[in-house]
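Input: a single structure, listed below in structure tokens.
Number of protein chains: 4
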Amino acid sequence: MSEFHGIIPPLLTPRTERGELDFEGISALVDHLVEGGVQGIFALGSSGEVPYLTSSEREQVLRTALDATQGRVPVLVGISEQSTNRVLDEAERLLSIGGDAAVVTTPFYALSDAGEIEQHFRTVAERVDVPVFAYDIPVRTHSKLPHEVTVRLAHEGILAGVKDSSADDVAFRRLLLQTRDLNEFAVFTGHEAVADGALLGGAAGIVPGLGNVDPAGYVRLYNAAQSGDWAAAASEQDRLARLFEITSAATPGRVSPGAAGLGAFKTALQVMGVIGSNRMTEPMLALNDAEARRVREVISAEGLL
Amino acid sequence: MSEFHGIIPPLLTPRTERGELDFEGISALVDHLVEGGVQGIFALGSSGEVPYLTSSEREQVLRTALDATQGRVPVLVGISEQSTNRVLDEAERLLSIGGDAAVVTTPFYALSDAGEIEQHFRTVAERVDVPVFAYDIPVRTHSKLPHEVTVRLAHEGILAGVKDSSADDVAFRRLLLQTRDLNEFAVFTGHEAVADGALLGGAAGIVPGLGNVDPAGYVRLYNAAQSGDWAAAASEQDRLARLFEITSAATPGRVSPGAAGLGAFKTALQVMGVIGSNRMTEPMLALNDAEARRVREVISAEGLL
Amino acid sequence: MSEFHGIIPPLLTPRTERGELDFEGISALVDHLVEGGVQGIFALGSSGEVPYLTSSEREQVLRTALDATQGRVPVLVGISEQSTNRVLDEAERLLSIGGDAAVVTTPFYALSDAGEIEQHFRTVAERVDVPVFAYDIPVRTHSKLPHEVTVRLAHEGILAGVKDSSADDVAFRRLLLQTRDLNEFAVFTGHEAVADGALLGGAAGIVPGLGNVDPAGYVRLYNAAQSGDWAAAASEQDRLARLFEITSAATPGRVSPGAAGLGAFKTALQVMGVIGSNRMTEPMLALNDAEARRVREVISAEGLL
Amino acid sequence: MSEFHGIIPPLLTPRTERGELDFEGISALVDHLVEGGVQGIFALGSSGEVPYLTSSEREQVLRTALDATQGRVPVLVGISEQSTNRVLDEAERLLSIGGDAAVVTTPFYALSDAGEIEQHFRTVAERVDVPVFAYDIPVRTHSKLPHEVTVRLAHEGILAGVKDSSADDVAFRRLLLQTRDLNEFAVFTGHEAVADGALLGGAAGIVPGLGNVDPAGYVRLYNAAQSGDWAAAASEQDRLARLFEITSAATPGRVSPGAAGLGAFKTALQVMGVIGSNRMTEPMLALNDAEARRVREVISAEGLL
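Here you go:
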């Protein structure tokens, strides 16, 4: 089994009421996750509002997350840049701060094809000292990581794994099947509401945004799956899927789809007392009081208060 | 549990070498499915090449399928038309021949919204005598069945279920959760490679195109899931997912994506001796000899010869 | 120059207040168009709500349109079916009633590729006695007519032209350039707000839904372009583009996007006294009184009352 | 008329055979453009391979372009970053070097809505000292600049204009109509093959990638349009559209779509002797010899050699 496995939530980036980075909040959230039993932390992913963070903020967030984690679990570092050379610069800058692995996006804004994507990961993996995961998130990059490329890079040992947020469960299973014999290759799903099925198919773990809110629930799901108790896994998944309905708390049209989901996670953590504010990076709007009440109802019903 | 559950393959439409409907082949295929243990047959679905069949051919295929089935299992009838009034005409014409349920597409070619889709199913269900399933297949209709509409129609007893080929496993789980208390509402997945996860989440059954080739395999998968033996279900699913690789046998670019999948199923059945030809409805091309050899290798490796 | 050129509006399908086909309204609308100076009429296009019409209604609409036109201008007949064999049946049924050309969709609901689309038009053109136009409307079919296919079929004399509603003006210009030497091949744009540019690039004519409302305006635009008075053409186009804003009169979310546009055209014609009702085919909703007032304001400002 | 108008080519970024920035090539290309009569230069646009340039390279390219231009024409500076705060950092860094206007992308990788996009431009315009153009390029950002937002920001004087590469000519005309009375608001099209129609509709100018190759041709097109000689404009556009066929010289599948177009422009400039190499930023591939010969044939036929 890869050293990277289990529950690795993508760390949210709390802000103060005034909109500044909330370093205490970041640390408290890291503690909440580690105490919840997670096997790793993914810093600077999409759930961490990484596209909205300046370069300086990305560094501060990573430094704070590493300091708070203190090596209790591995920290994976998101490298979200438009193309190979920019990824190399970003990786050098961020990984000099620390981190146990890099989670690298496919190119975006650029209009690439399979050949360029393959070369992209070959170059990055050659130049970066830590294991490299491919970050497959077409809803943002608008380009699906090509199956043949991933399988080839997995078998050559160039990629350490994939963080799959592609919403293509058929391709996900196909990838699992064709990399099953590779002990060191780890396939993670980013879809928090169907993780039991992903684990049943052989996924190494889950990168659940909702895991910020209920890390212990995801750890129970993972442990049930590990022990072969699939009824318990499915039952825990059902509970977490009901909890995931907090992402529908925002009034449609008032806040953007991106802000609705992350804003609900932040609001839940604020209601639970883990962080002090549900403020989002501008121009994203935070959930308002009425929306926060809906979040409270759901998390209360699922036993988190 | 709904009377509609388990493995309900979408019946392929065999043709003779000369391109005519192969009535003997249809009957032989029905027998192959029923003897494989399936719980139902879905006639005139996309896998049956329904968009390519003339109105007269649709009637002949349905009549032959019903005659061959002889009531051994229920027969669901696909109603694939552009809009409400055309669906009503098609349903009247086809259901007068027979069938135990109607599987009705959302409107296509038409540019509808959620309100029109809801009214569409209300009108159809009111005018049709058999249970009505919604057929959610956005890759063809380019319109996803809206979640709120489905849940409302489920709770009002207007829809008997959904045949989901939307490739959106998160929405699928959400639908399962919000209709779980409805004993008579049945949610089917059309994705043959991830059916174990769908069943783990509570799906009523599977409508697998690949089930034409290996109905017994899908029945084993379903039975394992029913008995709670999820390790066996996942193992059988893995085998079927490897078998599903026959859909990659066609040379990319030579035949269309649609023809590649259905053509592989027909070719497998021809190799297995169930039907006499792998001919497709024009202008779709059949797999050629080299491609058929690749199909043979896969099905042989998975124990079907 | 092809016999098919100039302004060929896609005939709307008026209904009575009770929802039945309004044969008087169809005839009145045909007269309105012919008296406006149009060079042809396109019956059973998308603007005619063809996906919503039953087979019987399609026949009645065509018969009425032909009777009303009385040969004063050519009538092009839309053949909107899912695949080749169904197009052949539909064409035989409809063209036996009459019509001077067939406007044939690319396959839809079917998942085709360039090869199948090419064979589709070859087969249809071989079996149909009138000139065949390809109907390129990817917003409905979700498949763009491939450029190389169109050019080849144009040069071989298999297609008589294209009705382009693809919203791809670069591909449109490329097609114009590569078929310019073919006197009998006619390229029409379906985009009523940018027709001056299309004509400047060499288009044979326009198939404007808005031309139902203001046929004389489009004829002026066409005549100005024909005489090389491009300033007048652009000025008329600007006026028509302002008139096109009636398609924004419907309250967003209340009626579907499809119904908003066609409903505005019907409402304008009702306000102008050409037809008696703005009723749409169910489940499409008609514009309500408040929305109709907005339509009235716009058409009044543009001098149509 | 806005000070920004006419032909403003998006400056390519030449590289040496060894892959380094070719500062002499950049200067030579700037001279080629200015001597061709262009009214401005757009540095660091998509055609300049901006997503592939590191932050340091972006600075060097801009500095070189400004030095070469020497104020002969205005220089517009592309600011291509994922979100508001990152745009502000990038703008501060680049505009401190120089530039007469900023061309700012809508957010990308971020999942925004109309409200966030509006606030994005309000914040950027408030904080940046030069006029701000919105860069509408959904093929890369996957989000169309909302019409209502643009019109509002235009009328409030917040945006100085739009560089429209959205391939939506109907929305383009609508924007022209609704901002026609704003003398200081300039709408540019990025679509080099249909610029005559855009100018006929009232566009302020063109930002043609192909204008790197044939600036004088685009200047003739613009001048013809300005003088009302639309027949000459269309004829020149036809010639340029034929020249644009060099973007089809690359063998499909060998190089990516992005590299095929820009690589053809670089190859043409190399053949013409303006720059020394057609090398692309890695991992993009340059056109090979056979492909370069096809480029040579086209540009020779159109009189550029």
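Chains as they are written, first to last, in numbering that gives the first Met the number 0: chain G, 0 to 304; chain H, 0 to 304; chain Z, 0 to 304; chain B, 0 to 304.
Glycine included, C-beta positions come from ideal geometry on N, C-alpha and C.
| Check | Outcome |
| --- | --- |
| Per-residue contacts from E115(G) into chain B (C-beta, under 7 Å) | S255, P282, M283 |
| Neighbouring residues, chain B, relative to A42(G) (Cβ below 8 Å) | Those do not exist, as A42(G) stays about 17 Å from chain B at its closest Cβ, beyond 8 Å. |
| heavy atom of the ligand NAP below 6 Å from S255(Z) C-beta | Judged by which ligands are present, the structure shown has none, so any question about the ligand NAP falls away. |
| Closest Cα partner of A263(B) within the set V273(B), R253(B), S247(B) | S247(B) |
| DSSP bridge partner residues for V188(B) (one or two, in chain order) | The sequence given here has Thr at residue 188(B), not Val. In the DSSP output, where bridge partners are listed per residue, T188(B) has D163(B), I205(B). |
| Cross-chain neighbours of Y51(G) in chain B, by beta carbon under 8 Å | Q81, S82, T83, N84, R85, A109 |
| Supposed close pair V74(Z), A124(Z) - CB separation, criterion 8 Å | Incorrect: roughly 19 Å between the Cβ atoms, too far for contact. |
| Under 7 Å between C-beta atoms of G204(H) and I7(H) | yes |
| V218(Z) beta carbon less than 7 Å from that of G36(Z) | yes |
| Chain-ordered chain Z contacts of S54(H) [CB-CB under 9 Å] | S54, R85, D88 |
| Buried versus exposed call for S317(H) [16 or more other C-beta atoms within 10 Å across all chains shown] | In the structure as shown, chain H starts at 0 and stops at 304, and residue 317(H) therefore has no counterpart that could be examined. |
| CB of A285(G) within 7 Å of CB of R293(G), strictly | no |
| G5(Z) versus E244(G): straight-line alpha-carbon distance, rounded | 55 Å |
| Within the segment 95-139 of chain B, ranges of the alpha helix (DSSP H) (whole runs, at least 4 residues) | 113-126 |
| Cβ-Cβ separation, V150(H) to L174(H) (assumed contact under 8 Å), whole Å | 7 Å |
| C-beta neighbour in chain H for A248(G), strict 7 Å | no |
| Three or more C-beta pairs below 8 Å linking the segment 103-122 of chain H and the segment 131-143 of chain Z | yes |
| Within 8 Å of chain H by C-beta, residues of the segment 130-163 of chain Z in sequence order | V138, R139, T140, H141 |
| Buried or exposed by the 16-neighbour rule on C-beta atoms within 10 Å, applied to E80(Z) | buried |
| Beta carbon of V127(H) nearer than 7 Å to that of A101(H) | yes |
| Host beta strand (DSSP E) of V29(G) (start-end) | Here V29(G) belongs to no beta strand (DSSP E); instead the alpha helix (DSSP H) covers 22-34. |
| Q118(B) and P282(G) closer than 7 Å at C-beta | yes |
| Among L220(B), I298(B), F132(B), A291(B), nearest to T250(B) - alpha-carbon criterion | A291(B) |
| Span separating the alpha-carbon of T83(H) from that of G44(H) | 18 Å |
| Environment of N211(Z) [buried if 16+ CB atoms lie within 10 Å] | buried |
| S165(B) vs D135(B) beta-carbon contact at 7 Å | yes |
| CB contact flag (P256(G), L32(G), <7 Å) | no |
| Beta-carbon spacing of I25(Z), T53(Z) below 7 Å | no |
| Min CB distance Q118(G) to chain B below 7 Å | yes |
| First and last residue of the uninterrupted alpha helix (DSSP H) at A42(Z) | That residue, A42(Z), is in no alpha helix (DSSP H); its beta strand (DSSP E) goes 40-42. |
| Status (buried if at least 16 other CB within 10 Å, exposed otherwise) for D21(Z) | buried |
| Beta carbon of R40(H) nearer than 7 Å to that of L10(H) | It is worth fixing the name first, because residue 40(H) is Ile in this sequence and not Arg. Yes, they are a contact pair. |
| L65(H) beta carbon less than 7 Å from that of V76(H) | no |
| Limits of the beta strand (DSSP E) - the one that G77(G) falls within | 74-78 |
| Status (buried if at least 16 other CB within 10 Å, exposed otherwise) for L239(B) | buried |
| Neighbour flag for H4(Z) against chain B, beta carbons, 7 Å | no |
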